[in-house]
Every structure is written in C-alpha cells, then in structure tokens.
Amino acid sequence: MEQQVIEELTRLVAMQSESGQEEAILAYLESRLRSLGFPPVRQPVAAGRYNLIWTPTSPPSLLFTAHVDTVPLWEHTHLAQPRLDGGRLYGRGSVDIKAGIAAILLALETVRSEGISPRFAVAFTVDEEQQGLGSRALPEMVQAGGAVVLEPTGLKICPAEAGSIEVRITIRGKAVHGSVFERGHNPILQAASLIESFKGLRFLQAEHPLIGAGGFNVMGIKGGGEALLVPERCELAVDFRLLPGQDVEEAKQELRQLLDQENITTEFIDVSLPFELSTEEPVVQVLQRAYQKALGRPPLLGGMPSWTDAEYLLAGGIPSVVFGPGDLAVAHTAWEHVEIQSVVDTVKVLSQAMVEASLTPP
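Counting from -6, one number per residue, gives the positions in the sequence shown under our numbering.
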C-alpha cells in the first residue's frame, strides 16, 4: 500500500492546480474514476470550472469529498515538483489536500476489489482556496446522510469547526518630516496599540474543548516606506476566530465598538460560521467505527481551526465532519509535506468507512 500511495500522490502533486487552474487535475481524476468503475458527472460551478461527482443508483448514506485546488506556489517554486524524503512527500498541495484525494482514490480501488455494492458518493470540488464555489454548489446535486470532508487533521475526527471574521482596517495618520515626528501622527504606532487591544475582546476569551481558545491572526500589515517621513496610513488584515456557539453578530458589534475611531475605516471582508455536530450523528459514528476497525485503536476527536468546504455542505443540509492525513500547520508553507504512513492509514479508514456506509440499511 505504501508504494501505491507514493505513486498516486506523486502524480497528483506534480500537477499544478492552483485555484482557477484546475483543468489538468480534473481531467486526470475524471479518467481515473472511470478506470475504477466510478464514472463521474461534471457539475458546472463557474465558467470553465466544475466539480466531479459520482453517485450510486440509490440515495447515498455518505459523501466523501476533497478539493482539488491549491494556493499558489508564490516564491516557493521548489514545491512545484514532488520530493520524497524520510517517509514524507514534499510539494505544493501535498497535505492540502492531495493526500486526501489519493486516499479516496485508493480506497475506491480497495472497495471495488471487494465487490461491494456502493451506497456512498464521491465528489472532487474546485475553488475551496478562494470562495468555496464548488462546495456551495455541491448540495444542489448530491444529498447524503453525512459527509466526510478530507482536510489535514492529523487523523483526528473533527465534528467541530471554527469560524472566523476577516477584517481590513485602515488607519489614517498625519504625515510630517520624519525628524519632527512629534508633530505628526504615526498610524503604525496606533496599529501596534490596536493589535494589543484585540487581546481583550470578550468574544476571544472563550474556549472550546475540541478547538481550543479564541484568538486572532494579523495576516498582513502595510504602511510607510523608506523615506524619512511619518506615514500617512497603515492597513491591517486581521482574522478573528469564532468558536461553536458564539453569536457572529455580537462579535462583529464588539469589533465595531473597538474600531469606532475617527481616523479608522473598517471593512468586513469575510465571515465563516462555526459549527459542531453531536457525536451521536451517524456520520461521526460510522467514521469512529471504521477508524477502530481499520487501525485497531480508538479514534481521537478534534476540532478544525480553519474554514473548510464542510461549512457549505452543512448549510446545504449535509451533516459534515472533517478528517484526513497530515498536519494543517505546514499547509501553504515553503515546507509543505505529508507523512506517507498517515496517508496509508487514511486509505484504510476510508475503505472501511465506505464498506460501513454501503452496509447501512437505507
């Protein structure tokens, strides 16, 4: 199995597929699914972009899905070609989430060889790294009793997912010559003070047993230049974490109150909603049983700290859990990689879950 994983994952990572440029990997997956006996249909979601979906003749009890797009290489051009080193495969998209795609394909191969009549669906979506157009559209074509969304969770089964509020903040300063800075107003210094004040926001004090503490990430800060000058403006891009059970509008209102200053402009860029499924939900139960049978050890529950396609599937009526190989912390980085053994384990769990789903009475 290890060699099969290496070969499949190497092929996938070698195909560059950043958002909006998914054609090559979709063509490969369409051919691969046909060869496995799961001929997919295309679901158009935008001009020239489509999801690939296979469904059984009867209503599926479970949906297994992963997104095909990646973030760009940026300056990390060394990640364009996969590299195997010390039981890890490096490359853009390796952990996010081509390891999951490879696991689905190899699980399908295993299930086909066992001659089971499948009662599950499979979908590969586009645009997860941008607007989530693929997962927004998917429930229009597929309804299932639950979904397993492949993402790097360290093999933890995640019935909970954090939400977020992404904000762009512009602080206007007063420009003066840098040698008489006392007569100006430096917006970068105000930004530093503002960042410190975020730590006291009430909605960030909450904690969740599976996800952890609230918090925020300053994703970008821009202001000033090389000239000897107090800058005129400073811009911040900040992502605030929301936990299941928190009220989004209350959190936004608290942010508005903090940022309601004469020289500050605030723009809410994006909001994603947190969620949590009961551990009694059938999709959670099936995945837990499959994990125990496949790996011979009890599964660990976790919480997904990032937005995933699961939010839109849940909104479309499909209870969803997040699960998959690898460490989320290395996704999008210059050293993105996944451990081969974790992908092998994922194949085993997905194969068993597909069997369980197929044996579940309608």
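Positions of the beta carbon are idealized from the N, C-alpha and C atoms, including for glycine.
If you draw a straight line from the Cα of Thr50 to the Cα of Arg112, it is about 8 Å long.
Counting along the chain, Arg76 sits inside the beta strand (DSSP E) bounded by residues Arg76 to Asp78. Collapsing the DSSP output to three states places Gln198 in a helix. For Gln334, the enclosing alpha helix (DSSP H) has its first and last residue at Ile333 to Leu352.
Shown here for Ala168: same chain residues with a beta carbon closer than 7 Å to its own, the five before and five after excluded, namely Gly177, Leu222, Val223, Pro224 and Glu225 in chain order. Phe268 carries a strand assignment under DSSP once its states are collapsed to helix, strand and coil. Closest in C-alpha terms to Thr258, from the list Tyr83, Ile109, Gln345 and Gly166, comes Gly166. Its chain contains Gly216, Gly217, Pro224 and Cys227 as the residues whose beta carbon lies nearer than 7 Å to that of Ile181, once the 5 sequence neighbours on both sides are disregarded; these appear in chain order. Taking the C-beta atoms as reference points, Pro75 is found nearer than 7 Å to Val6. Val38: member of the beta strand (DSSP E) spanning Val34 to Ala39, first to last residue.
Cβ-Cβ distances below 7 Å link Gly171 to Leu221, Leu222 and Val223 in the same chain, with the five nearest sequence neighbours on each side left out; the list follows chain order. A direct Cα-to-Cα measurement between Glu154 and Ala114 gives close to 22 Å.
Under the 10 Å beta carbon count, Lys192 is surrounded by fewer than 16 other beta carbons and is classified as exposed.
One alpha carbon belongs to Leu280, the other to Met134, and they sit about 23 Å apart. Look at Gly171 here: in three-state DSSP terms it is helix. Counted as a single uninterrupted DSSP element, the stretch harbouring Ala59 is not any alpha helix (DSSP H) but the beta strand (DSSP E) occupying residues Leu55 to His60.
Per DSSP, the unbroken alpha helix (DSSP H) holding Ile(-1) starts and ends at Glu(-5) to Ala7.
Contact annotation: Leu19 and Pro33 have beta-carbon atoms that are not nearer than 7 Å. Comparing C-alpha distances from Val264 to each of Leu235, Asn256 and Ala40 shows the shortest one belongs to Leu235. Linking His60 to Ile262 through their CA atoms gives a straight-line distance of about 23 Å. Sorting Asp320, Glu260, Gly207 and Leu66 by C-alpha distance to the C-alpha of Gln334 places Asp320 at the top. A direct Cα-to-Cα measurement between Tyr43 and Asn256 gives close to 44 Å. Cβ atoms of Ala137 and Ser54 come within 8 Å of each other, at about 7 Å. Beta-bridge partners assigned by DSSP to Ile164: Cys227 and Ile257. The three-state secondary structure of Arg129, taken from DSSP, is helix. Taken through DSSP and simplified to helix, strand or coil, Ile97 comes out as helix.
Excluding sequence positions up to five before and after Ile90, its CB lies within less than 7 Å of the CB of Ala59, His60, Leu143, Glu144, Pro145 and Gly317, all in the same chain and listed in chain order. Look at Leu236 here: in three-state DSSP terms it is coil, with no helix or strand label. About 4 Å separates the beta carbon of His330 from that of Tyr83, a gap short enough to meet the 8 Å contact definition. For Leu343, the CB contacts under 6 Å within the same chain, skipping 5 residues up- and downstream, are Ala96 and Ala100 in chain order.
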